[in-house]
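Taking it in order: structure first as structure tokens, then the write-up.
Put into structure tokens, the structure is as follows:
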């Protein structure tokens with residue numbers, strides 16, 4: 026069974042305008058299971074069992090190269 030991977034990249038340090046992308050992973054995850062979104066594909070597959078959430082990349086320990 027093909028898996029759907031979700032990997033959050035909460036990073037917008039290099040953005041000079043309209044910061045906020047770093048908040049996206051935390052905002053997207055709850056919406057995947059909200060009543061406004063369906064985990065069923067147009068072809069009738071239930072995607073719930075195929076979704077694999079790998080969490081977020083941690084940038085807090087990263088330094089400038």
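Residue numbers (my numbering): 26 to 90. All C-beta atoms, glycine included, are put in the ideal place defined by N, C-alpha and C.
- The residues 47 and 84, in chain order, have a CB closer than 6 Å to that of residue 36 in the same chain once the five nearest residues on each side in sequence are set aside.
- In this structure, residue 44 keeps its C-beta atom at 8 Å or more from the C-beta atom of residue 75.
- Assignment of beta-bridge partners to residue 31 by DSSP yields 78.
- For residue 51, the uninterrupted alpha helix (DSSP H) segment begins and ends at 49-57.
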